[in-house]
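> To start, I am sharing the structure in question, which I have written as structure tokens.
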Amino acid sequence: MVCADAPIDRPHRESTMNATRPVTKSLAAALALAVPLALVGGAANAQRATAPAGHFDVKGKGPSTYTLDVLERSRATLPFSDTRDFDEQKRGFIAPMTELKIRADAGHVAWDMERYQFLLKPERFDTIHPSLDRISKLNMNYGLYEVIPGIYQVRGFDLSDISFVRGKTGWIVIDPLTAAETARAAVKLFQQHVGKGLPITAVIYSHSHGDHWGGVRGVVDEADVRAGKVQIIAPRDFMRHTISENVYAGNAMNRRLFYQYGILLPASPYGHVGQGLGMNVAAGAIGLIQPTKVVEKDIEEFEVDGVKMVFQNTPNTEAPSKMNTYIPDMKALWMAENVTATLHNIYTLRGAQVRDPLRWSKYIARALYLYGQEAEVMFASHHWPRWGNARIQEVLRGQRDLYANMNNQVLHYANQGVTINEIHNVYRFRPACSGCGSTAATTARPSTTAAA
Ligand SMILES: [Zn+2]
1 MVCADAPIDR PHRESTMNAT RPVTKSLAAA LALAVPLALV GGAANAQRAT APAGHFDVKG
61 KGPSTYTLDV LERSRATLPF SDTRDFDEQK RGFIAPMTEL KIRADAGHVA WDMERYQFLL
121 KPERFDTIHP SLDRISKLNM NYGLYEVIPG IYQVRGFDLS DISFVRGKTG WIVIDPLTAA
181 ETARAAVKLF QQHVGKGLPI TAVIYSHSHG DHWGGVRGVV DEADVRAGKV QIIAPRDFMR
241 HTISENVYAG NAMNRRLFYQ YGILLPASPY GHVGQGLGMN VAAGAIGLIQ PTKVVEKDIE
301 EFEVDGVKMV FQNTPNTEAP SKMNTYIPDM KALWMAENVT ATLHNIYTLR GAQVRDPLRW
361 SKYIARALYL YGQEAEVMFA SHHWPRWGNA RIQEVLRGQR DLYANMNNQV LHYANQGVTI
421 NEIHNVYRFR PACSGCGSTA ATTARPSTTA AA
């Protein structure tokens, strides 16, 4: 769940822990053990730097002709002529974040956008898959955006986005990033431009993955939560799955995550280019405050700081504990991480619980029929919003069909005798209906991204 972006000068992360509750202490213990692993990885890389010439060049080498052919075929066949993502990604821009680095309280760099500036050059990189290149350029958003009046997002401060919804007396935060420092910096930028100094009155955790709750201590004070001034809302079984993934299996998953994302590679056209869902994960202080209200029913409606919200639990989709949220008075649909601009892994290399693509597809279908008929804006915890009902329905249908098709066709081939080691050469996504296929292909880039 937790990862880091700079392997060399990172101090021990346990010193950044603000552990005042047993849960957080457990997380700190799990993470404290994980950090030396990161440093071991860094040392291994450094050793390779002195390997004999011709064996391995840490600065990278050019792609083989085979790779060039594969990338060229992708350029020719993927629907790059559909550029609507680029229009949507920049819409509503209010203010940039001017500091490219955000420091952790412990002194090291928690977040570094400087290392990805090469992506903004107008050149083509033959070493990067065109789809990864495209999504990474789209993820270079770094600042404050208006979704609609009353809803704002700070993007590019972490792997995920932090969203602010105007309540009756203050602001409702949805998904407070991974680290307190980047979350605090996001609130600061937000308050400078549109927050009007009003307090954070509620926090919603959309799901159990760390990039959606770990920065909560940079957003609210736990004493205010205990005093009942701030409500924290989470989906059913949130604590069980959060602890299971981040503490019980925390070290193992953290170690595997470093390999999955290539986190210890230097950022360059030959190294780390981004993580699909965002550029990286902030390496700051991670903390958790237990929810004060859990959404237990499949669908539950109540007011949060005077705003009517309809919560839809979607267990065993992108995460085992997860929910979408509809805000009817704003016609705003929050799809958590169930519908973003990527195709998620079903089985992640980092070892998250295997996802159920058929259930996932059905929950998207249910959201489409319950809320997608009238929503005028759809936003999520990664990437950028979609505006207009037709566009929302198009994206929801495309993503629904994508996960269902993957489930059904892979089963079909398995029944025909195709094995697990052959399936990637056999399965191809084919649209189930005309008009929705190009959207799925556009919004869901194959094999370049993975969920946090
Ligand atoms: Zn995420």
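Residues 1 to 452 (the working numbering) make up the sequence shown, in order.
Each residue gets a CB set at the ideal place from its N, CA and C atoms; glycine is no exception.
All figures in this text were calculated on a predicted structure; none of them were measured in a lab.
Hey, out of Arg115, Val310, Thr127 and Gly195, whose CA is closest to Val154's CA?
With distances taken between Cα atoms, Val154 lies closest to Gly195.
> Roughly how many whole angstroms lie between the Cα atoms of Arg184 and Gly215?
Cα to Cα, the separation comes out at about 8 Å.
> Checking 9 Å against the spacing of the C-beta atoms, do Ile151 and Val377 come in under that value?
Against a cut-off of 9 Å, the Cβ pair of Val377 and Ile151 comes out as a contact.
> Can you say whether Lys322 is buried or exposed, counting buried as having 16 or more other CB atoms within 10 angstroms of its CB?
The residue in question, Lys322, is buried, as its Cβ has 16 or more Cβ neighbours within 10 Å.
> Closer than 8 Å by C-beta to Ala375: which residues in its own chain qualify, once you throw out the five before and the five after it? Chain order, please.
Excluding sequence neighbours, Ala375 sits near Tyr326, Lys331, Ala332, Leu333, Asn389 and Ile392.
> Pair every Cβ in the segment 128-143 with every Cβ in the segment 73-82, then say whether three or more of these pairs are closer than 8 Å.
Yes: at least three Cβ pairs fall under 8 Å.
> Cβ of Leu288 within 8 Å of any heavy atom in ligand 1?
No, the Cβ of Leu288 stays beyond 8 Å of every heavy atom of ligand 1.
> State the beta-bridge partners of Ala332 as determined by DSSP.
According to DSSP, Ala332 bridges with Ile327 and Val377.
> When you compare each of Ala267, Thr182 and Thr314 to Lys297 by their alpha carbons, which one comes out closest?
Of the listed residues, the one whose Cα sits closest to Lys297 is Thr314.
> Check whether the Cβ of His424 lies closer than 8 Å to any heavy atom of ligand 1, and answer yes or no.
The answer is no for His424.
> Does the separation of the CB atoms of Glu318 and Glu303 fall below 9 Å?
Not closer than 9 Å, so no.
> Can the beta-carbon of Leu177 be found less than 9 Å from the beta-carbon of His207?
In this structure, His207 does not lie closer than 9 Å to Leu177 by Cβ.
> Give the DSSP-derived three-state secondary structure of Pro96 in the structure shown.
It is a strand residue.
> What number of angstroms, rounded off, separates the C-alpha of Asn45 from the C-alpha of Tyr142?
Its pLDDT being 34, under 50, Asn45 is placed unreliably in this model, and the coordinates cannot settle the point.
> Could you give the distance in angstroms between the alpha-carbon of Thr50 and the alpha-carbon of Leu265?
Low confidence applies to Thr50: its pLDDT is 43, below 50, so where it sits in the model is not reliable, and the reading given next is rough at best. Their Cα atoms are separated by approximately 16 Å.
> What is the rounded straight-line gap between the Cα of Tyr270 and the Cα of Phe311?
If you take the alpha carbons of Tyr270 and Phe311, they lie about 43 Å apart.
> What did DSSP end up calling Met309 once you bin it into helix, strand or coil?
Correct three-state label for Met309: strand.
> For ligand 1, is there any heavy atom lying closer than 8 Å to the beta carbon of His383?
Result no, Cβ not under 8 Å from ligand 1.
> From which residue to which residue does the alpha helix (DSSP H) around Pro357 run?
Pro357 to Leu370 is the extent of the alpha helix (DSSP H) around Pro357.
> Who are Tyr145's beta bridge partners in DSSP?
The partner list for Tyr145 (beta bridge, DSSP) reads Phe93 and Gln153.
> CB of His209 to nearest heavy atom of ligand 1: below 8 Å?
Correct: His209 has its Cβ closer than 8 Å to ligand 1.
> As a quick exercise: from Arg350, Ala95 and Glu123, pick the residue whose alpha carbon is nearest that of Arg255.
Per the Cα distances, Arg350.
> Please check the pair Ile346 and Arg359, which I expect to be a contact at CB under 8 Å, by giving their CB distance rounded to whole angstroms.
That pair is no contact at about 11 Å.
> Would the C-beta of Gly277 count as close to ligand 1, meaning under 8 Å from any of its heavy atoms?
Going by the sequence as given, residue 277 is Leu instead of Gly. The answer is yes for Leu277.
> Drop a sphere of 10 angstroms on the beta-carbon of Gly262, count the other beta-carbons inside from all chains shown, and report buried for 16 or more, exposed for fewer.
With fewer than 16 Cβ atoms within 10 Å of its Cβ, Gly262 is classed as exposed.
> Taking the runs of the beta strand (DSSP E) that are 3 residues or longer, which of them lie wholly in the segment 160-242?
Entirely contained in the segment 160-242, the beta strand (DSSP E) runs reaching 3 residues are, in chain order, 162-166, 171-174, 200-204 and 231-235.
> If you measure between the beta carbons of Ala283 and Arg115, is that distance less than 9 Å?
Taking 9 Å as the Cβ cut-off, Ala283 and Arg115 do not qualify as a contacting pair.
> When the distance is taken between beta carbons, is Val187 closer than 9 Å to Ser163?
The answer is no: Cβ separation not under 9 Å.
> Among all the DSSP beta bridges, which residues are the ones paired with Gly287?
In DSSP, Gly287 forms a bridge with Gly215.
> Roughly how many whole angstroms lie between the Cα atoms of Ala29 and Ile243?
Legend: pLDDT at Ala29 = 35, less than 50; position of this residue unreliable, value from coordinates given subsequently. Answer to the nearest angstrom: the Cα atoms are 12 Å apart.
> Could you say which of Ala352, Pro385 and Leu402 lies nearest to Ala365 if we only look at CA atoms?
Cα-wise, what sits closest to Ala365 is Leu402.
> What number of angstroms, rounded off, separates the C-alpha of Pro149 from the C-alpha of His108?
So the two alpha carbons sit approximately 36 Å from each other.
> Return yes when the C-beta of Leu159 is under 8 Å from any heavy atom of ligand 1, and no when it is not.
Checking the Cβ of Leu159 against ligand 1 gives yes.
> Put Arg397 into one of helix, strand or coil per three-state DSSP.
Looking at Arg397 - three-state DSSP - the assignment turns out to be helix.
> Let's see if you can read the secondary structure: which residues bound the alpha helix (DSSP H) around Lys322?
That residue, Lys322, is in no alpha helix (DSSP H); it is neither H nor E in DSSP.
> At the level of alpha carbons, what is the spacing between Leu257 and Met279?
Answer to the nearest angstrom: the Cα atoms are 14 Å apart.
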